[in-house]
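Asker: Pasting a structure here, questions to come.
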Amino acid sequence: MYFKIVFSNVRKNIKDYSIYFLTLMIAVALFYAFNSLESQSAFKTATSDATSNLSGQLITVLSILSKFIAFILAFLIIYANNYLLKRRKKELGVYMLLGMENGRISAIFVGETILIGIISFVTGIGAGSLLSQGISAVALKMFAIDLSRYRFAFSVPSLINTLICFSIIFFVVILFNVRTVAKVKLIDLLNAGRKNESFSMKSKRTLTGILLSGFIMLVIVALLFHRENGALSDSSVFTISFFLGIAGTACIVYSFFGVLFHILQKNVKWYFKDVNVFLIRQISAKIQTNFLTITIVCLLLAATISIVSTGMGIALTLNSNAGDETPYDVLVIKELENGKADEKETIEDYFSKNKLDLSLYLKEKIEISLFEDKDLVYGNILEDRDKLFKVDKNLPQEPVQIMSVSDFNKVLESQGKEKLDLAEGSYLINCKYKGTSELLQSFLEKNSPVRLADTTLTPGRDKISREVYHLSSVGNNDHGTIIVPDSLTSKLKKTMIIFNGRFKEDSDTQKFDNIFVSFMGDPHSPYKLMTRTLVVEAYYGIFAMAAFVCCYIGIVFLIICVAILSLQQLTETFDNVYRYNLLQKLGVEKSVCHHTILRQIAIYFGAPLVLASLYSIVAIPGIISKISVSLGLNIGANVGLAVILLLVVYGGYFLVTYFSCRDMITGKVEPDND
1 MYFKIVFSNV RKNIKDYSIY FLTLMIAVAL FYAFNSLESQ SAFKTATSDA TSNLSGQLIT
61 VLSILSKFIA FILAFLIIYA NNYLLKRRKK ELGVYMLLGM ENGRISAIFV GETILIGIIS
121 FVTGIGAGSL LSQGISAVAL KMFAIDLSRY RFAFSVPSLI NTLICFSIIF FVVILFNVRT
181 VAKVKLIDLL NAGRKNESFS MKSKRTLTGI LLSGFIMLVI VALLFHRENG ALSDSSVFTI
241 SFFLGIAGTA CIVYSFFGVL FHILQKNVKW YFKDVNVFLI RQISAKIQTN FLTITIVCLL
301 LAATISIVST GMGIALTLNS NAGDETPYDV LVIKELENGK ADEKETIEDY FSKNKLDLSL
361 YLKEKIEISL FEDKDLVYGN ILEDRDKLFK VDKNLPQEPV QIMSVSDFNK VLESQGKEKL
421 DLAEGSYLIN CKYKGTSELL QSFLEKNSPV RLADTTLTPG RDKISREVYH LSSVGNNDHG
481 TIIVPDSLTS KLKKTMIIFN GRFKEDSDTQ KFDNIFVSFM GDPHSPYKLM TRTLVVEAYY
541 GIFAMAAFVC CYIGIVFLII CVAILSLQQL TETFDNVYRY NLLQKLGVEK SVCHHTILRQ
601 IAIYFGAPLV LASLYSIVAI PGIISKISVS LGLNIGANVG LAVILLLVVY GGYFLVTYFS
661 CRDMITGKVE PDND
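Residue 425 in full-length UniProt numbering sits at position 425 of the sequence shown, and the numbers go up by one each step.
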């Protein structure tokens with residue numbers, strides 16, 4: 001009998017459970033999907049120790065983070081459950097009025113919680129298993145693992161972990177329900193929804209003062225974010241900006257609709273049109289009552305938009321840049337100026353002597369040389385040196401790197417690019433570093449001559465080249481190299497020999513990497529060694545892992561924000577069903593009521609989003625600029641995709657909330673028994 005009542009109640013109240021069910025399902029899906037990475041076999045069979053270590057670290061970080069997120073989700077689910085209890089209070093009162101004991105009423109609600117929990121868990125695991133495949137593919141791509149290694153995987157350990165976590169959450173929810181039912185009074189249940197929220201509007205002058213104070217604080221925050229050595233560079237300035245941002249947001253949220261209310265009251269024609277007076281008072285009362293909650297939602301949304309946008313932007317940009325920034329598989333640099341290297345010994349001879357035959361692994365090898373002239377330093381060719389990054393403050397005193405045009409053409413040819421012609425008496429500049437590229441471009445545009453080896457050279461072209469001629473972590477491996485005719489290099493001092501190689505298709509790259517790494521242990525060696533695997537997987541992998549975690553946190557924050565907004569709006573509508581009944585009794589058409597509900601929800605959802613978007617517009621360019629400077633990445637083009645994904649989730653919750661609220665007031669016109 002109890003199961004029949006439980007099943008009937010769930011089916012009858014399915015629309016009331018929609019937001020609760022959606023939140024539970026998404027929470028389960030996300031929790032399972034991000035914890036299922038450990039079951040992806042491609043991570044276990046990674047081609048190098050670097051990949052294996054990084055993927056292992058990612059899985060460990062996600063596992064720890066998931067426990068924290070489960071704790072947050074528990075509060076969100078209890079918050080959603082509280083809405084359901086409020087929604088069903090009158091029904092509880094009827095059960096009590098009919099003589100049903102509190103224990104039996106609790107049993108019904110426990111049964112409903114378990115049934116909804118099972119349905120949402122099963123659905124969430126189904127959605128999560130599909131989502132996990134996409135997340136696994138993205139993770140493999142982030143860590144430069146061949147996608148051909150990808151296999152469909154269902155993670156039993158992740159399923160068990162998810163089941164345990166959410167069983168604990170549901171157990172807490174059940175205890176909360178039992179406690180609530182045991183303490184509730186019959187009179188409160190029967191009068192549920194009849195208690196009005198007190199609404200006392202502050203004076204226009206007071207609200208305007210609060211609003212202006214909020215705007216002033218946010219303008220200060222924006223200025224602190226965009227000034228040099230501002231909030232993104234100085235922790236103390238960031239702390240000030242953070243608290244000013246909170247205070248400014250709270251002031252604006254509290255006062256804006258109050259000021260708008262006073263302004264709209266003056267427009268009598270609009271104010272008394274349809275049910276605008278009802279709409280504006282409802283919104284003003286709700287936002288002023290819940291301004292702290294909405295402030296938190298605003299800030300969380302701003303953090304979510306910024307975190308997910310920049311996180312996805314970094315991940316996608318790193319992945320797309322990896323191929324261009326690492327055109328070779330192996331790098332050996334032989335330094336000549338410290339006197340430790342035998343200049344007559346070739347790099348291949350060095351490795352052969354140490355029992356590593358490079359020809360067994362490499363299909364293509366190129367060797368280039370770098371030179372310098374003691375009289376030509378970067379200070380001679382850098383315009384506006386005050387614009388240099390702090391890390392480059394000593395660069396103007398360092399000798400400029402010089403390369404022959406024939407060696408530069410070797411690099412271009414090895415990368416399938418067209419060779420360059422350089423006339424005698426001319427020079428070119430190659431630069432792959434954001435910190436100096438604009439300064440060197442300015443130098444070229446002025447047709448500035450360069451003097452080296454007692455010869456004056458003029459620019460052979462008015463634009464710098466941006467080629468990569470050896471492996472490096474990111475686009476900062478060349479602060480500026482002057483390309484000169486071969487005839488000049490004999491008069492210059494050779495300082496470095498660079499050896500680049502590419503693997504054969506059938507090479508055992510993991511074996512080579514393991515042998516190659518063993519040569520890196522000698523700090524006194526004149527040889528510097530690097531492999532593409534180490535560059536891509538260590539450098540790019542670390543930032544990709546950070547971006548991955550940022551996306552996880554951001555998505556959870558987003559779910560929390562939209563769930564809170566949805567539940568508050570559903571609660572607001574439920575509390576005011578009788579008011580909508582009264583409007584319909586007074587002759588207001590259903591379509592007008594529906595339109596009023598739509599406008600109210602749109603404003604309630606839209607206000608935090610607009611404010612958060614404004615914050616993000618201020619913050620994201622600063623973050624992009626900081627990333628561009630410190631990492632040499634241009635992530636701006638990839639931020640849009642993240643914003644679209646966020647809007648899809650936000651819009652989905654908005655629609656579900658609207659349809660639930662609309663159905664709540666439809667057909668609810670009851671006779672007045674008061």
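We put the CB at the ideal spot given by N, CA and C, even for glycine. These figures come from a predicted structure and were not determined experimentally.
Specify, as a first and last residue, the run of the alpha helix (DSSP H) that residue 277 falls within.
Answerer: Per DSSP, residue 277 belongs to the alpha helix (DSSP H) from 276 to 289.
Asker: Anyone know if the C-beta pair for residue 697 and residue 268 falls short of 8 Å?
Answerer: Nothing about residue 697 can be reported from this structure: the residues present for the chain run from 1 to 674 only.
Asker: Can you tell me which residues form a DSSP beta bridge with residue 501?
Answerer: 330, 365
Asker: For the alpha helix (DSSP H) that contains residue 159, what are its first and last residues?
Answerer: 156 to 183
Asker: In the DSSP assignment, what residue or residues form a beta bridge with residue 483?
Answerer: 403, 428
Asker: Give a yes or no on whether the C-beta atoms belonging to residue 560 and residue 292 are separated by under 8 Å.
Answerer: At a Cβ-Cβ threshold of 8 Å, residue 560 and residue 292 do not count as neighbours.
Asker: Could you give the DSSP three-state label for residue 664: helix, strand or coil?
Answerer: helix
Asker: Helix, strand or coil: how does DSSP classify residue 457 here?
Answerer: strand
Asker: Can you look up residue 433 in the DSSP assignment and give me helix, strand or coil?
Answerer: Three-state result, residue 433: coil.
Asker: Does the contact criterion of 3 or more C-beta pairs under 8 Å hold for the stretch 563 to 575 versus the stretch 213 to 225?
Answerer: Because the criterion of three Cβ pairs below 8 Å is not met, the stretch 563 to 575 and the stretch 213 to 225 do not touch.
Asker: Taking residue 469 as the reference, which of 401, 615, 7 has the closest Cα?
Answerer: Taking the Cα of residue 469 as reference, the smallest distance to any Cα among 401, 615, 7 is reached at 401.
Asker: How is the alpha helix (DSSP H) around residue 268 delimited, first residue to last?
Answerer: According to the DSSP assignment, residue 268 belongs to the alpha helix (DSSP H) that extends over 268 to 271.
Asker: Assign residue 327 to buried or exposed, taking buried as 16 or more other Cβ atoms, counted over all protein chains shown, within 10 Å of its Cβ.
Answerer: buried
Asker: Report, in whole angstroms, the separation of the C-beta atoms of residue 384 and residue 435, which I expect to be a contact under 8 Å.
Answerer: Contact doesn't hold; Cβ gap of about 12 Å is too wide.
Asker: Indicate the three-state DSSP secondary structure (helix, strand or coil) for residue 370 in the structure shown.
Answerer: strand
Asker: Please state if the CB of residue 658 and the CB of residue 676 are separated by a distance shorter than 8 Å.
Answerer: No answer is possible for residue 676: it lies beyond the span of the chain, which begins at 1 and ends at 674.
Asker: Ignore the nearest five residues each way along the sequence and tell me which others in residue 600's own chain have a CB closer than 7 Å to its CB.
Answerer: 279, 282, 283
Asker: Are the CB atoms of residue 158 and residue 25 within a distance shorter than 8 Å?
Answerer: no
Asker: Could you check where the alpha helix (DSSP H) with residue 385 kicks off and where it finishes?
Answerer: For residue 385, there is no enclosing alpha helix (DSSP H), as DSSP marks it with neither H nor E.
Asker: Excluding sequence positions up to five away, which residues of its chain have a Cβ less than 7 Å from the Cβ of residue 460?
Answerer: 422, 423, 426, 427, 428
Asker: State the Cα-Cα distance for the pair residue 277 and residue 76, rounded to the nearest angstrom.
Answerer: 33 Å
Asker: So is residue 583 buried or exposed if we call it buried at 16+ other beta carbons inside 10 Å?
Answerer: buried
Asker: Could you give the first and the last residue of the continuous alpha helix (DSSP H) run that contains residue 100?
Answerer: Per DSSP, residue 100 belongs to no alpha helix (DSSP H) and is neither H nor E.
Asker: Would you check if there are 3 or more beta carbon pairs closer than 8 Å linking the stretch 64 to 74 to the stretch 27 to 34?
Answerer: Judged by Cβ distances under 8 Å, the stretch 64 to 74 makes contact with the stretch 27 to 34, as three or more pairs qualify.
Asker: Are the stretch 444 to 451 and the stretch 360 to 372 in contact at 8 Å, needing three or more beta carbon pairs?
Answerer: The stretch 444 to 451 is not in contact with the stretch 360 to 372.
Asker: Taking 6 Å as the limit between beta carbons, can you name the residues of its chain near residue 207, skipping five residues before and five after?
Answerer: 255, 258, 259
Asker: In the DSSP assignment, what are the bridge partners of residue 529?
Answerer: 332
Asker: Grab me the residues of residue 160's own chain with a C-beta within less than 8 Å of its C-beta, minus the 5 sequence neighbours each way, in chain order.
Answerer: none
Asker: Determine whether the beta carbon atoms of residue 348 and residue 358 lie at a separation below 8 Å.
Answerer: Yes, they are a contact pair.
Asker: Helix, strand or coil for residue 86 per DSSP?
Answerer: helix
Asker: Can you tell me whether residue 101 is buried or exposed? The criterion is at least 16 other CB atoms within 10 Å of its CB, across all chains shown.
Answerer: exposed
Asker: Since residue 292 sits in a beta bridge, which residues does DSSP pair it with?
Answerer: Paired residue(s): none; residue 292 is not in a bridge.
Asker: For the beta strand (DSSP E) that residue 450 lies in, which residues bound it at each end?
Answerer: 450 to 452
Asker: Can you tell me where the alpha helix (DSSP H) with residue 29 in it begins and where it stops?
Answerer: 18 to 35
Asker: Is the separation between the beta-carbon of residue 22 and that of residue 656 shorter than 8 Å?
Answerer: For residue 22 and residue 656, yes; Cβs fall inside 8 Å.
Asker: Which whole-angstrom value is the C-beta distance of residue 430 and residue 464, which I expect to be below 8 Å?
Answerer: 7 Å
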